[in-house]
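All remarks here apply to the structure that follows.
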Amino acid sequence: MWTPVFLIFLLVFPTNLSTSLIVISTVFLILIYGCYPVKYLLRIFLFGLLLFTIFIFLAIQYPDKAPDRLGTWINRVENYFNPSLSKDGNYQIERAKIAIATGGITGLGVGKSVMKNFLPQSSSDFIYAIIVEEYGLIGGIMVILIYLLILFRITVILHHASSVYGKLLIIGSGLPVIIQALINIAVALNIFPVTGQTLPLLSSGGSAAWVTCMAFGIILSVSEERFNLEKLKQSKTSSNPLLIISEEK
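If you're matching positions, the sequence shown starts at 2 in my numbering and goes up one per residue.
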């Protein structure tokens, strides 16, 4: 089972570290909910951590053969923990802070953002900062509450799913969307280092929006299946009084 998981992880890892970590974290969450033995998960986690440590060590020793994105990862982490190391390393974060501070409580108004002309990736990676600038603290809180509402509805559908496969399908489809949204918001608020994750359904982009909509469609299909089963059960019991008597007993 772990062979395709690590194969996909290795294919995504060299170009997008944050996405690969979200994928592997989702797999761990699915396995934890599916009662996979914790001791095996711990072994896999320690084995993966050992391989990652060896990879970083070899990449530092042989930088010519390392992925092109390695330097970007290191710079982002160093700039996050020690901003004084780089003069221009926190350009995006500083502009995002200015946009959030400028928004205040009610914001500047729709389309009246100033920092979107200076903040790189203002329509994707740092769109949350622009939302706060235009809609203020109220709009920023509303966006977070909307994602929490989606998480709540995912949890409700998960609780009422009729099969274990449906429950695992909901976890694998819904949680990555929420995790990605929280990471994007955390980056704009300077809680996490810059990752490059977009804000689902709000950031510009075609393929990301399609995949998110497909994930929601999968979740709704599980909910629809439960609704159809309940409807079929009601139709059978209403047509046969003996079934109603047996269920009452």
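For each residue, glycine too, the CB sits at the ideal point set by N, CA and C.
The C-beta separation of Ser204 from Ile128 comes to about 5 Å, placing the pair in contact by the 8 Å criterion. Across the structure, Gly167 and Ile31 are spaced so that their CA atoms are roughly 12 Å apart. In this structure, Phe10 and Ser21 form a Cβ contact; the two beta carbons are roughly 5 Å apart against a cut-off of 8 Å. In this structure Ile131 does not touch Ile155 by the C-beta definition: roughly 27 Å separates them, more than the 8 Å allowed. Boundaries of the alpha helix (DSSP H) around Lys98: Tyr92 to Gly104. Nearest C-alpha to Ile192 among Gly137, Val78, Gly108 and Trp3: Val78. With a cut-off of 8 Å on Cβ pairs, the stretch 97-113 is in contact with the stretch 133-144, counting three or more such pairs.
The three-state secondary structure of Lys113, taken from DSSP, is coil. A straight-line Cα-Cα distance of about 21 Å links Met215 and Asp126. Judged by DSSP in its simplified three-state form, Gly207 adopts coil rather than helix or strand. In its chain, beyond the 5 residues on either side, Ala130 and Val133 have a beta carbon closer than 6 Å to the beta carbon of Ile101. Taken in chain order, the complete alpha helix (DSSP H) segments of 4 or more residues contained in the stretch 120-190 are 128-161 and 165-189. Secondary structure of Pro194 (DSSP, three-state): coil.
Around the Cβ of Gly35, a 10 Å sphere holds fewer than 16 other Cβ atoms; the residue is exposed. The Cβ neighbour count for Met2, taken over all protein chains shown within 10 Å, is under 16; the residue is labelled exposed. Take the alpha-carbon of Thr196 and the one of Lys113: they are about 27 Å apart. A residue is called buried once 16 or more other Cβ atoms fall within 10 Å of its Cβ, and Leu200 is buried on that count.
About 7 Å separates the beta carbon of Glu226 from that of Ser163, a gap short enough to meet the 8 Å contact definition. Contact between Tyr81 and Pro5 does not hold, since their C-beta atoms are separated by about 33 Å, which reaches or exceeds 8 Å.
Here Ile158 is actually not in contact with Ser236; their C-beta atoms are around 23 Å apart, not less than 8 Å.
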